[in-house]
Each structure stands twice: as structure tokens, then as C-alpha cells.
Amino acid sequence: MPRPPVSQPPPAGGDVPEEPGEDAADLPGVGPHPQPWPDDPRLDPQLLAEGDRRNVVDRYRYWRLEAVVADLDTRRAPLHVAIQNFQHDFNIGSVVRTANAFNVGGVHVVGRRRWNRRGAMVTDRYLHLHHHADAEELRAWADRSGHVLVGVDNIPGSVPLEGRRLPERCCLVLGSEGPGLNADMVRACDLVVSITQYGSTRSLNAGAAAAIAMYAWSSSWRPAPG
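Read in UniProt numbering, the sequence shown has 200 at position 200, and its numbers run on one by one without any break.
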């Protein structure tokens with residue numbers, strides 16, 4: 001009886017191997033590094049030999065995962081992001097990917113521990129992820145770390161995000177796009193901000209709301225490029 005095919009491990013960095021017949025020149029990233037290789041401990045020999053197809057900025061081409069994380073750690077934002085009880089796991093991945101783009105200090109998953117990482121496009125590997133069983137545990141973490149919990153939801157009593165300067169040391173708390181933050185989490189938050197809607201829909205996709213809130217924080221606390 002023939003043996004079933006054996007799954008091959010993903011290449012360094014966790015990217016999906018190219019499809020049969022796909023031209024390597026059409027893939028993102030860079031190919032194998034020409035010899036002689038640079039003498040740099042941050043570089044990954046496997047990536048140097050096979051090429052680096054990861055979704056990383058050019059600065060980190062051929063770098064080991066651990067080296068990338070260590071470098072990002074030198075300039076993490078004091079901003080954190082928490083994600084509560086999403087009904088659609090893909091939203092968590094979208095929030096995580098955006099959190100990576102803003103290089104936040106940490107991402108906190110509140111409630112169920114398991115989530116679909118597909119939407120994150122392996123960007124979670126470059127972040128510090130934390131798990132809390134409920135709103136009370138997140139509140140306790142915020143008290144220890146000195147972070148202000150800022151909920152993001154369009155609910156009575158929320159204040160418009162537009163024109164408001166968020167606290168520098170804060171944690172944005174997102175709920176699912178339907179029910180939003182539950183009552184326990186609203187009570188745990190120090191402040192709840194809303195994103196004004198100008199169309200017919202009541203709420204934004206949670207991933208989009210997270211991106212807007214992170215951008216608002218960054219506009220206040222990070223210098224403009226150049």
C-alpha cells in the first residue's frame with residue numbers, strides 16, 4: 001500500500017512555498033544571497049541560501065526571526081492592543097497584522113485562547129502576545145503596567161475619537177463588530193471612544209476600527225517621518 005505524502009515544513013519565516021510552475025522571479029521578496037555571504041550573526045543561513053520571501057521590510061531581509069524581534073523591541077510603542085471575544089476569528093488576524101505595522105508593545109487576547117492566525121500572515125511571530133481569561137484579568141494587568149484601558153466602541157457614553165488625544169501609555173480594547181464590547185469590559189475600561197459613522201452602517205469592521213484607532217494614537221505620539 002503506498003505511503004501518504006509527507007507534509008513538508010514551511011521555509012524559514014513561515015511563508016507558504018511557491019506553487020508548482022510558479023516563477024521564482026514573480027514571487028515577493030528576494031532570492032538567494034550571492035556569495036560570499038556577509039559575516040553578520042543576525043542573518044539566517046537558510047534564508048541566505050534559499051532566498052527570503054517573507055513579508056518584511058527590506059531592512060530585515062535575510063535576518064533571523066529572533067534578530068528581527070530583538071530589533072523591534074528596541075523601539076516598541078507604549079501602545080498595546082486587546083481583542084475581546086471575536087465572533088469571526090479572521091478579525092483577530094487582521095488586528096494583529098495592523099498591530100505589527102504599528103510595532104505595538106503587546107497584543108492581548110481576552111477570552112478564548114485559540115484564534116485563527118491566517119489573517120495575521122505570520123506577523124504574530126514578531127509581536128508579544130498575551131492571554132487573559134476575562135476583563136478582570138486584563139484590568140489587573142493594566143493596573144500593574146500603568147496602562148489606561150481605552151475601549152473602542154460606538155455605545156452610549158463614548159466620546160468621539162476625532163480630535164481627541166489618546167493617552168500615551170494606553171491599551172486599545174476591541175470587541176466584535178456586532179455586539180462590540182461586553183458589559184464587563186466596558187466597566188473595566190477607563191474610557192470608551194467611538195469612531196463617527198457618516199453612512200448607513202452602525203459599526204465598522206473590527207479590523208478597520210483597530211487600524212483607525214492605532215493611527216490616531218500614532219499621529220499624536222510619533223514624530224512625522226522625515
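C-beta atoms are modelled at their ideal positions from N, C-alpha and C, and glycine is treated no differently. Quick caveat: nothing in here was measured; it's all calculated off a predicted structure.
- DSSP places Gln-46 outside any beta strand (DSSP E); the residue lies instead in the alpha helix (DSSP H), whose first and last residues are 45–50.
- Within its own chain, the residues whose Cβ lies closer than 8 Å to the Cβ of Ser-194, once the five positions on either side in sequence are excluded, are Val-152, Asp-153, Asn-154, Ile-155, Ser-158, Val-159, Pro-160 and Leu-161, listed in chain order.
- The criterion of a C-beta distance shorter than 8 Å is not satisfied by Asn-100 and Arg-76.
- Counting every other CB atom within 10 Å of its CB across the protein chains shown gives Asp-40 a total below 16, marking it as exposed.
- Arg-165 counts as exposed, since fewer than 16 other C-beta atoms from the protein chains shown sit within 10 angstroms of its C-beta.
- Put simply, of Glu-168, Tyr-198 and Thr-201 the residue whose alpha carbon is nearest the alpha carbon of Ala-213 is Glu-168.
- The beta carbon of Val-173 sits closer than 7 Å to those of Ala-82, Gln-84, Leu-149, Val-150, Gly-151, Val-152, Leu-181, Met-185 and Cys-189, all from its chain and outside the five residues before and after it, given in chain order.
- Relative to Glu-66, the option among Pro-225, Arg-42, Trp-217 and Ser-200 whose CA is nearest is Arg-42.
- By the criterion of a C-beta distance shorter than 8 Å, Leu-127 is surrounded in its chain by Val-96, Ala-99, Asn-100, Val-104, Gly-106 and Val-107, once the five residues flanking it on both sides are discounted.
- Taking Met-121 as reference, the option from Ala-206, Leu-27, Tyr-62 and Phe-90 with the minimal CA-CA separation is Phe-90.
- In this structure, Leu-79 sits away from Val-109, with a CB-CB distance that is not shorter than 8 Å.
- Non-local beta-carbon contacts of Arg-113 in its own chain, meaning distances under 8 Å to residues more than five positions away in sequence, involve His-131 in chain order.
- Counted as a single uninterrupted DSSP element, the beta strand (DSSP E) harbouring Leu-191 occupies residues 191–194.
- Taking every protein chain shown into account, the CB of Ser-145 has fewer than 16 other CB atoms within 10 angstroms, so this residue is exposed.
- Along the length of the stretch 127–156, whole alpha helix (DSSP H) runs at least 4 residues long occupy 135–145, reported in chain order.
- The continuous beta strand (DSSP E) containing Gly-106 extends over residues 106–110.
- Burial check for Asp-52: the Cβ neighbour count within 10 Å reaches 16 or more, so the residue is buried.
- Annotation: His-33 to Leu-48 spans about 5 Å, alpha carbon to alpha carbon.
- The beta carbon of Trp-221 sits closer than 7 Å to those of Glu-168, all from its chain and outside the five residues before and after it, given in chain order.
- Distance from the CA of Pro-223 to the CA of Trp-217, rounded to the nearest whole angstrom, comes to 11 Å.
- Per DSSP, Val-81 is one residue of the beta strand (DSSP E) stretching across 80–84.
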